[in-house]
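Its first residue numbered 685, the sequence shown is counted upward by one per residue in our numbering.
Structure first, commentary second.
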Amino acid sequence: MLAVPGAWAQSFVDNTDPPFWWTDMPVEGVQLMIHGEDLKKYDIEVDHPGVTVEKVEHGDSPHYAFVYLNVAESVAPGILELKWLHPDHPQRAAETTTFELRARSPRKAEGYSGSDAICLITPDRFSNGNPDNDAVSGLTEAPNRSDDHGRHGGDLAGIRNHLEYLSGMGFTAVWLNPLLENNQPQWSYHGYATTDYYRVDPRFGTNAEYQQLADAAQQNGLKLIMDMIMNHCGSEHPWMDDLPTKDWINNSGTFSPTTHRRTTLRDPYATASDLKRFSDGWFVKEMPDLNQRQPLLADYLIQNTIWWVEYLGLSGIRMDTYPYSDADFMTRWTCNLRAAYPHLNICGEEWSLNPAVLAYWQEGQDNPDGYTSCLPGLLDFPLHHAFMQSMNADETWQSNWVNLYEMLGNDFLYPDPFNHIVFPDNHDMSRVHTQLGDDALKTRLAVAFFATTRGIPQFYYGTEILMSNAGDDSHGNIRSDFPGGWAGDTTNGFTGEGLSPEALDFQDFTRRLLHWRQTSSAVHNGTLTHYVPEGEAYVYFRQDSASTVMVVLNQSDSTEVLSLSRFDEVLNGRRTFLDVLDDTRPAVDQNQLHVPASTAWILEIR
Ligand code: CA
């Protein structure tokens, strides 16, 4: 058989990951993971100036070839031909397949930082911009909006339709829950069981639509943060029917649950078997645990991340289930990513309430066991928990704010607490409004606090209109549909139509707060100082060379009187205050401020 590039050329290959690559990349070479018929029997050659085959590896299945290509800096974009040589006929290529090297089109993405306010969106539940993609043939789960745990039809088109709403609210970044294909029979809407690492789930849209959304978001002043999962794939991933190597999936590819005891990793008394049970156990049965110690898989995963950063021009990545992956792999992953894309910010999910546990993972931490990583920041679960304790605990003889005050005091443990993402809730817990008893005044304190303390604030979609999951904290109910996102909705959060006066008022408050926040360099990167809480008031300051911001949180149902002399270390005699949300000037009476009941004051000092 003669080599005939063209129409039938890829006939014996049914998949190549990545689908294409770029020239002039900030990393060396590219790994092609090719799946097809009996690939093990071929030798592979590439005839393209500047491109050479570094090595070819095969796993334990005959159906995969891992082709590592060197791509010289001088290589021009174009189509490569891979010649598959049959050992019985070494002079003739049995088949030719192609692979594209594209020219980069750099997107000027900046990393997210303290100057940003992030909106977290669960795409299936935000807005259905394209009802035609709700059901897609070949994908198992059909839409069912009446099922909390079913697919509701939200998609990339819906998010794109409402970028102006998000930027109009004052957000400057969006973190989207995972959008890659999840061809799982149920619960596929959440996106955490990937079945194709290079394909947007067609029920959300296409890869091209994701890229268009990234560009449109940037044009609207919104940075894009992608949610990624290196720890596990979905149980319906094609790998599960044809494992590339015997050790591709931990526990020999069969379900064995993790202990979920994340502290084991640093426990000086831990047994080796418990460590293995934690790290190699599966998160849940539907999520097989990837073995990142497998070198071919490690390369695959790192390269997959690089592909999406390059393709979308990402500002950041939120890494799911961070401690569940192999720790040394996460070091390699973070350090490679940061080296290739220095602007990129990354946060890891370590759902611990202990700041020492979070600190272990952060870049710059000097750990007793020598472990280091390049992870810039984490999701600050300890601060979230301490805030809720302070709001929900019974009154004590000290102050309800002591839990929060003392938790922030643990920041000495972190190399950089200012790069953590702080949040009043997320997609895995009851909505903040519900956590605070559906009390709008309390929810206002929460939003004000997380928008002004140290770190990068993140708010879950719908917080601004007091979305609630009262009575049912199932994930499906927490992630309920944003009103107005579906044709026929009688309430519309985007336009305000049908919202209660309380929700409209909260939306207005959030909008004013986030827009003011965009202007406040002191909140973006100023220092934080706070005072021992007394009574029901908690007082802290954000300060830089340009301005001083005083935040007063009073959770009491009566007026709190603050004697200003106590704060003169920061105030330095200044007694003129401007309420940034309504431009009023709270009166100072006999060197005292009278803070109204259940109030969050954000005051610029003049
Ligand atoms: Ca849809």
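C-beta: ideal position from N, C-alpha, C; glycine also.
Please return the same chain residues whose Cβ sits closer than 6 Å to the Cβ of Phe888, not counting the five positions on each side in sequence.
Numbered from 1 along the sequence shown, position 204 holds the residue referred to as residue 888. Around Phe888: Pro807, Asp839, Leu840, Leu863.
Extract the residue ranges of the beta strand (DSSP E) inside the segment 1227–1273, only unbroken runs of 3 or more that lie entirely within it.
1232–1238, 1244–1247, 1261–1263
Just to confirm, is the Cβ distance from Val1272 to Arg1258 under 8 Å?
Counting from one through the sequence shown, the residue named residue 1272 turns up at place 588. Counting from one through the sequence shown, the residue named residue 1258 turns up at place 574. No.
Going by other Cβ atoms of all chains shown within 10 Å of its Cβ, with 16 needed for buried, is Thr1179 buried or exposed?
By one-based count along the sequence shown, residue 1179 stands at place 495. Thr1179 comes out exposed.
For a quick check, are the C-beta atoms of Ala801 and Gly854 less than 8 Å apart?
Here residue 801 is taken as the residue at index 117 of the sequence shown, counted from 1. Here residue 854 is taken as the residue at index 170 of the sequence shown, counted from 1. It is a contact, given that the beta carbons lie within the stated cut-off.
Looking at Pro815 and ligand 1, is the gap between the Cβ and the nearest heavy atom below 7 Å?
Here residue 815 corresponds to residue number 131 of the sequence shown, with the count starting at 1. At least one heavy atom of ligand 1 is nearer than 7 Å to the Cβ of Pro815, so yes.
Return the Cβ separation of Val1116 and Asp1109 in integer angstroms, given the expectation that the two are a contact with Cβ distance under 8 Å.
Taking the first residue of the sequence shown as 1, we reach residue 1116 at position 432. Taking the first residue of the sequence shown as 1, we reach residue 1109 at position 425. Yes, Val1116 and Asp1109 are in contact; Cβ-Cβ is about 4 Å, under 8 Å.
Only counting the same chain, and skipping five residues up and downstream in sequence, which positions put a Cβ closer than 7 Å to that of Asp698?
What you label residue 698 is simply residue 14 of the sequence shown in a count that begins at 1. Correct list, in chain order: His719, Gly720.
When we look at the beta-carbon of Phe1096 and count the other beta-carbons within 10 Å, is it buried (16 or more) or exposed?
The sequence position of residue 1096 within the sequence shown is 412, counting from 1. Counting Cβ neighbours within 10 Å, Phe1096 comes out exposed, since fewer than 16 surround it.
How about Arg844 and His836: do their beta carbons lie closer than 8 Å?
The count along the sequence shown starts at 1 and reaches residue 844 at position 160. The count along the sequence shown starts at 1 and reaches residue 836 at position 152. It is not a contact, given that the beta carbons lie outside the stated cut-off.
When DSSP labels each residue in this structure, what does His874 get in the three-state scheme?
What you label residue 874 is simply residue 190 of the sequence shown in a count that begins at 1. Helix at His874.
Is DSSP giving Leu1150 helix, strand or coil here?
One-based indexing of the sequence shown puts residue 1150 at position 466. If DSSP states are grouped into helix, strand and coil, Leu1150 belongs with coil.
Please report the distance separating the alpha-carbon of Met1014 from that of Arg1269.
As a first step, residue 1014 is located in the sequence shown; it is residue number 330 there, counting from the start. As a first step, residue 1269 is located in the sequence shown; it is residue number 585 there, counting from the start. Answer to the nearest angstrom: the Cα atoms are 50 Å apart.
Taking the C-alpha atoms as reference points, what is the distance between Asp731 and Glu741?
Residue 731 sits at position 47 when you count from the first residue of the sequence shown. Residue 741 sits at position 57 when you count from the first residue of the sequence shown. So the two alpha carbons sit approximately 19 Å from each other.
Are Ser1009 and Asn915 touching if we call contact CB-CB under 8 Å?
Sequence index remark: in the sequence shown, residue 1009 carries index 325 (1-based). Sequence index remark: in the sequence shown, residue 915 carries index 231 (1-based). The answer is yes: Cβ separation under 8 Å.
What would DSSP say about Ala1043, mapped onto helix, strand or coil?
Counted from its first residue, the sequence shown places residue 1043 at position 359. Looking at Ala1043 - three-state DSSP - the assignment turns out to be helix.
Taking the alpha carbon of Gly1201 as the reference point, which residue from Thr1211, Val1233, Ala1023 has its own alpha carbon closest?
Counting from one through the sequence shown, the residue named residue 1201 turns up at place 517. As written in the sequence, residue 1201 is Arg, which differs from the Gly given in the question. Ranking the options by Cα distance to Arg1201, first place goes to Val1233.
Count the CB pairs spanning the segment 1241–1258 and the segment 1154–1162 that are closer than 8 Å, and state whether there are at least three.
no
Using CA atoms only, rank isn't needed, just tell me which of Asp744, Trp991, Pro733 is closest to Ser758.
Locating residue 758 in the sequence shown gives position 74, counting from the first residue. Nearest C-alpha to Ser758: Pro733.
Helix, strand or coil for Ala687 per DSSP?
Sequence index remark: in the sequence shown, residue 687 carries index 3 (1-based). Note that Ala687 has pLDDT 37, beneath the 50 cutoff, so the model's placement of it is unreliable and the number below is only indicative. Correct three-state label for Ala687: coil.
Report the residue from His1027, Pro1060, Thr1005 whose alpha carbon sits nearest the alpha carbon of Ala1043.
Walking along the sequence shown from the start, residue 1043 turns up at place 359. Among His1027, Pro1060, Thr1005, the Cα nearest to that of Ala1043 belongs to Pro1060.
Would Ile990 be called buried (16 or more neighbouring beta carbons within 10 Å of its own) or exposed?
Residue numbering aside, residue 990 sits at position 306 when the sequence shown is read from its first letter. It counts as buried.
Just checking Asp831 against ligand 1 - is the residue's beta carbon closer than 7 Å to any of the ligand's heavy atoms?
Position 147 of the sequence shown holds residue 831. No, ligand 1 has no heavy atom inside 7 Å of this Cβ.
Comparing the CB of Gly1210 with every heavy atom of ligand 1, is any distance shorter than 7 Å?
The residue given as residue 1210 occupies position 526 in the sequence shown. Answer for Gly1210: no, Cβ out of range of ligand 1.
Can you have a look at Arg788 and say buried or exposed, based on whether 16 or more other CB atoms are within 10 angstroms of its CB?
Residue mapping note: residue 788 aligns to position 104 of the sequence shown, counting from 1. Label assigned to Arg788: exposed.
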